Amino acid sequence: MTTSKREATRRNIIAGAGVAAAGIVTGATTAQAQTTGKTFVLVHGAWHGGWCWRRVADLLEKKGHKVYAPTLTGLCDRSHLLDSKTNLSTHITDVANLIAWEGLKDVVLVGHSYGGFVISGVAEKAQPAISSIVYLDAFLPDNGEALIDVVRGSKLYDVIQGTIQKGDLTMAAPKAALFQVNEKDRAWVDEKCTPQPTATLSEKVALTGARDRIAKRAYVRAKGYASPGFDRAQAKAQAASGFRVYEMPCGHDAMVDMPDRLTDILLEVA
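As structure tokens, this is what we get:
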């Protein structure tokens with residue numbers, strides 16, 4: 013082989029190695045981009061626990077996302093921690109501490125039903141760590157409101173008021189049928205629900221507008237469950253700037269009834 017041919021061959025080998033190396037780097041970058049996921053913190057409503065999110069959590073995790081679905085103090089698997097001091101502030105701290113101690117960033121924070129009060133309070137403590145906030149058939153409270161305030165005039169108000177007047181530590185869970193949970197899952201939901209700490213329903217939330225400073229906000233209404241309170245919350249979200257509003261044709265426990273559709277919505281607003 014002549015010197016010129018050897019030099020040409022050497023240049024081709026080097027060039028080929030460079031292309032191969034570039035291909036490896038590009039491939040690694042692409043793979044890394046494909047596995048980059050979101051972080052979801054899913055907050056349950058009254059009487060429920062982290063168990064109610066299992067179907068949605070499984071779907072999100074299969075897509076490569078990180079999911080936390082804590083059970084709030086005094087309920088379900090944490091019912092042994094119930095005492096007279098368990099209130100709304102306790103539950104707000106439960107979630108805010110999870111975010112702080114796990115060092116979570118760019119969180120998609122989701123609250124169902126009563127969980128709307130909780131995530132509103134969490135936003136006050138952890139707003140810089142939250143990139144999206146989602147109210148799932150949830151209360152959208154104003155500063156100084158308690159859950160009992162936003163259900164005034166309803167049967168639920170009368171039950172809560174009676175529970176408070178009797179001095180009961182907890183309020184028994186309604187049947188799943190009341191919330192229009194699909195018939196197949198009603199027995200399972202009834203079995204898993206536990207009494208709600210009464211003080212969580214009467215403590216007023218302190219808000220300064222932190223949730224309104226979160227870049228992405230959404231409200232999801234489960235239209236299969238008739239509720240003037242959640243209709244008002246939906247209308248409030250629609251009237252506010254920056255909220256995306258969705259409707260789902262299912263009962264109140266949307267994460268149980270339609271986990272696939274709910275997962276799609278959460279990914280869309282993440």
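The number in our numbering is simply the position in the sequence shown, starting from 1, with 12 added.
No residue lacks a Cβ here, since even glycine has one placed at the ideal position from N, Cα and C.
Computed from a prediction, not measured in an experiment: that's the story for all the values here.
Start-to-end residues for the alpha helix (DSSP H) that takes in residue i
{"i": "His103", "result": "Leu100 to Trp113"}
{"i": "Tyr169", "result": "Lys167 to Lys178"}
{"i": "Pro271", "result": "Pro271 to Val281"}
{"i": "Glu73", "result": "Arg66 to Lys74"}
Residue i - partner residues in DSSP beta bridges
{"i": "Arg256", "result": "Ala230"}
{"i": "Gln208", "result": "Met183"}
{"i": "Asp123", "result": "Sequence inspection shows Gly at residue 123; the Asp mentioned does not correspond to that position. Gly123 pairs with Val55 and Tyr147."}
{"i": "Ile142", "result": "Val119"}
Minimum C-alpha distance to residue i - residue among the options
{"i": "Asp269", "options": "Thr220, Ala211 and Phe191", "result": "Phe191"}
{"i": "Gln139", "options": "Gly221, Pro82, Thr83 and Tyr231", "result": "Gly221"}
{"i": "Pro261", "options": "Lys248, Thr105, Thr212 and Ala234", "result": "Ala234"}
{"i": "Ile104", "options": "Leu84, Tyr237 and Val162", "result": "Leu84"}
{"i": "Asn109", "options": "Lys75, Leu94, Glu136 and Ser166", "result": "Glu136"}
{"i": "Val68", "options": "Val281, Asp272 and Ala282", "result": "Asp272"}
{"i": "Lys196", "options": "Trp113, Gly263 and Ala247", "result": "Gly263"}
{"i": "Val130", "options": "Lys74, Lys78 and Val53", "result": "Val53"}
{"i": "Ala282", "options": "Pro82, Leu121 and Cys64", "result": "Leu121"}
{"i": "Arg229", "options": "Gln246, Val217 and Phe255", "result": "Phe255"}
{"i": "Leu279", "options": "Gly76, Trp63, Ala81 and Asp265", "result": "Gly76"}
{"i": "Ile66", "options": "Tyr258, Tyr126, Ile226 and Trp200", "result": "Going by the sequence as given, residue 66 is Arg instead of Ile. Checking every option, the nearest Cα to that of Arg66 belongs to Trp200."}
{"i": "Trp63", "options": "Gly49, Thr48, Lys74 and Tyr80", "result": "Tyr80"}
{"i": "Leu219", "options": "Asp95, Gly115 and Gly156", "result": "Gly156"}
{"i": "Arg225", "options": "Ser143, Leu274 and Glu203", "result": "Ser143"}
{"i": "Glu203", "options": "Leu159, Ala227, Asp89 and Tyr126", "result": "Asp89"}
{"i": "Gly49", "options": "Lys78, Asp70, Ala58 and Gly57", "result": "Lys78"}
{"i": "Asp95", "options": "Glu114, Asp70 and Gly179", "result": "Gly179"}
{"i": "Ile160", "options": "Gly174, Leu274 and Cys205", "result": "Gly174"}
{"i": "Ile111", "options": "Met183, Leu93, Pro82 and Tyr126", "result": "Pro82"}
{"i": "Pro209", "options": "Tyr258, Lys74 and Leu93", "result": "Leu93"}
Secondary structure of residue i, DSSP reduced to three states
{"i": "Val162", "result": "helix"}
{"i": "Gln246", "result": "helix"}
{"i": "His264", "result": "coil"}
{"i": "Leu190", "result": "helix"}
{"i": "Asp95", "result": "coil"}
{"i": "Ala199", "result": "helix"}
{"i": "Gly156", "result": "coil"}
{"i": "Lys50", "result": "coil"}
{"i": "Leu219", "result": "coil"}
{"i": "Lys235", "result": "coil"}
{"i": "Gly61", "result": "coil"}
{"i": "Leu87", "result": "coil"}
{"i": "Gly128", "result": "helix"}
{"i": "Ala43", "result": "Caution applies to Ala43, whose pLDDT of 33 falls short of 50 and renders its modelled position unreliable; the value that the coordinates give is listed next. In the structure shown, Ala43 sits in a helix (DSSP, three-state: H, G or I)."}
Backbone CA spacing between residue i and residue j [nearest angstrom]
{"i": "His124", "j": "Thr51", "result": "17 angstroms"}
{"i": "Met267", "j": "Gly128", "result": "15 angstroms"}
{"i": "Pro207", "j": "Leu181", "result": "9 angstroms"}
{"i": "Gly133", "j": "Ile145", "result": "12 angstroms"}
{"i": "Pro186", "j": "Leu72", "result": "29 angstroms"}
{"i": "Ala252", "j": "Tyr231", "result": "11 angstroms"}
{"i": "His60", "j": "Ala188", "result": "11 angstroms"}
{"i": "Asp243", "j": "Ala150", "result": "10 angstroms"}
{"i": "Arg223", "j": "Ser239", "result": "24 angstroms"}
{"i": "Asp118", "j": "Val55", "result": "16 angstroms"}
{"i": "Gly86", "j": "Glu215", "result": "16 angstroms"}
{"i": "Leu168", "j": "Gly241", "result": "11 angstroms"}
{"i": "Ser91", "j": "Val193", "result": "23 angstroms"}
{"i": "Pro153", "j": "Gln250", "result": "14 angstroms"}
{"i": "Ala141", "j": "Ile176", "result": "35 angstroms"}
{"i": "Thr212", "j": "Ser101", "result": "8 angstroms"}
{"i": "Ala247", "j": "Val162", "result": "14 angstroms"}
{"i": "Asn99", "j": "Ile172", "result": "14 angstroms"}
{"i": "Ile277", "j": "Arg164", "result": "31 angstroms"}
Range of the contiguous beta strand (DSSP E) that encloses residue i
{"i": "Val79", "result": "Lys78 to Tyr80"}
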